[in-house]
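Everything below concerns the one structure shown next.
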Amino acid sequence: MEDNPRYDGKPLLKLLEFYVLWVIGELPEEVDKSLKAIAPKLHALYGGDGQWQGAIAASVHFSEEIPAEIRGLWKRNLEIARANDVTLSPQKFAEMFADENFEN
């Protein structure tokens, strides 16, 4: 994980952002590979279905509908950004989602 004060003392925050990026199809392949490698540890810590995504979802009690809701928010936020002639990066969206939906 990158050295960014945003994540100091918040070990789950970056993982939540990775989850959002994965849901919207923007998670870099190398990050996905790294997360797959630590999936057993994440599963032991948080539960879930054995995959890293399931562990993160279990850690914050996501319902099965959350991925579709995140994709809908991504689409709507992209439309808003375009209408305002602003670029919304996938990472910025993931950060906004995490900040608005989880206590940091």
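Residue numbers 4 to 107, in the numbering used here, belong to the letters of the sequence shown in order. We put the CB at the ideal spot given by N, CA and C, even for glycine. Predicted model only: the values in this text are computed from it and were never measured.
What did DSSP end up calling residue i once you bin it into helix, strand or coil?
i     : result
GLY75 : helix
LYS44 : helix
MET4  : Interpretation of MET4 is limited by its pLDDT of 44, a score under 50 that renders its predicted location unreliable; the figure taken from the coordinates is listed afterwards. Correct three-state label for MET4: coil.
VAL63 : coil
VAL89 : coil
What's the C-alpha gap between residue i and residue j?
i     : j     : result
ALA60 : VAL89 : 30 Å
ASN80 : ALA42 : 30 Å
Identify the continuous alpha helix (DSSP H) that holds residue i and give its terminal residues.
i     : result
PHE96 : 93–104
PRO31 : Careful: PRO31 lies outside any alpha helix (DSSP H) and carries neither H nor E.
Less than 8 Å between the CB atoms is what I'm expecting for residue i and residue j, so what's the real figure, rounded?
i     : j     : result
ALA97 : GLU33 : With a Cβ gap of about 16 Å, ALA97 and GLU33 do not count as contacting.
Beta carbon of residue i: closer than 7 Å to some heavy atom of the ligand MG?
i     : result
SER37 : This structure simply doesn't include the ligand MG, nor any ligand for that matter.
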